[in-house]
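Here's the structure, in structure tokens; my notes come after.
Protein chains: 2
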Amino acid sequence: MRYSRQRESILSILQATESHPTADWVYDKVRREISNISLGTVYRNLAQLEEMGQIRRINADGQSRFDANLSPHDHFRCLTCSSIFDIHMSHDDMTAGLPADVPFKVTGINLELLGVCNECQIKEIKGENSHVA
Amino acid sequence: MRYSRQRESILSILQATESHPTADWVYDKVRREISNISLGTVYRNLAQLEEMGQIRRINADGQSRFDANLSPHDHFRCLTCSSIFDIHMSHDDMTAGLPADVPFKVTGINLELLGVCNECQIKEIKGENSHVA
DNA sequence: ATCATAAACAGTAATAGTTACCATTAAGTT
DNA sequence: AACTTAATGGTAACTATTACTGTTTATGAT
């Protein structure tokens, strides 16, 4: 992977915020530094940075949001305004005694495990989908 | 809410599967019963059923998936083929001793709390966003 | 049973977020 | 400095979803 000013700028913008921004928000910000940067470049680099494990993708409603904070943590998402807040709490605490001191009205939990299913692992061994991401 | 054959059909299709289908999959299925049903009708009804709490929406990658199984459970999503599987396990077990007997290679957990943030609760009281979903 | 009302519809157009394409630029190597 | 090719900017295309509009239909009242 070759260095690029665009990617560096995108990453540092993400690292400087705690707001879990969308690609569009990043685009607006990075344009102040690189005025003619293309939106496609922003998307491409966000995908690459995710692939390299330098940022996390959160998919809320219809949009991706990005987070450069790699310390293990979870998120609270407001169903009204779509804001995302960091939650630093053990999963046990979260599901057991749900937040009393937290200014959120929590109405639901989405827990999702990610990985590779059995069938895909088998195919992987057979080399059948080396072409799949 | 008025009865409609279309909505009934959509709901019963969802209740008959464990595959967490997309709107498009539901559309294909329901067309076998109501051949001229419109895709817009499928989307509208899925949104209404969700609103009424009769189905759950799961948002994976760029698409919504739907689940009529209302018993509390979580999901495993394959990063390769996008399949979603039900996980019936306590959150404690899930995050503590992660699945050993399960045929998934688990590489990540997304836990997301949903609800209404402090700011939105205040606005709600003031009646400022009665127009917001 | 007929009628009136508006919810729900089918069909289509429009939108939003994202990806693909391609000619040009520039990072890194020789 | 010349070369190779990853990465870019600009634009077109694509996919999932929503909005619009005239028509149909469920349902409650006459």
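Protein sequence lines correspond, in order, to chains A and B. Taking our numbering, the leading residue of the first sequence gets 9, the next gets one more, and so forth. Taking our numbering, the leading residue of the second sequence gets 9, the next gets one more, and so forth. Each residue gets a CB set at the ideal place from its N, CA and C atoms; glycine is no exception.
Item                                                                                                               : Value
Selected residue, minimal CA-CA separation from D36 of chain A, among A:Q14, A:I117, A:S91 and A:M97               : A:Q14
Three-way DSSP call (helix, strand, coil) for E132 of chain B in this model                                        : helix
W33 of chain B versus E26 of chain B: straight-line alpha-carbon distance, rounded                                 : 13 Å
Three-state class that DSSP yields for A68 of chain A in the structure shown                                       : strand
Cβ of H83 of chain B within 9 Å of any chain A Cβ                                                                  : yes
Beta-bridge partners of G123 of chain A, as assigned by DSSP                                                       : B:C86 and B:V114
Amino acids of chain B, ordered along the chain, whose beta-carbon sits closer than 7 Å to that of Q129 of chain A : K113
The region 81-92 of chain B / the region 122-130 of chain A touching (three or more Cβ pairs under 8 Å)            : yes
Contacts that S91 of chain B makes with chain A (C-beta to C-beta distance below 7 Å)                              : C125
Boundaries of the alpha helix (DSSP H) in which I21 of chain A is found, first to last residue                     : R13 to Q23
Nearest-angstrom Cα separation, counted from Q23 of chain A out to R10 of chain B                                  : 50 Å
Alpha-carbon to alpha-carbon, E41 of chain B and I95 of chain A                                                    : 46 Å
Contact list for D69 of chain A against chain B, beta-carbon separation under 8 Å                                  : N67
Below-9 Å beta-carbon distance, L19 of chain B vs any chain A residue                                              : no
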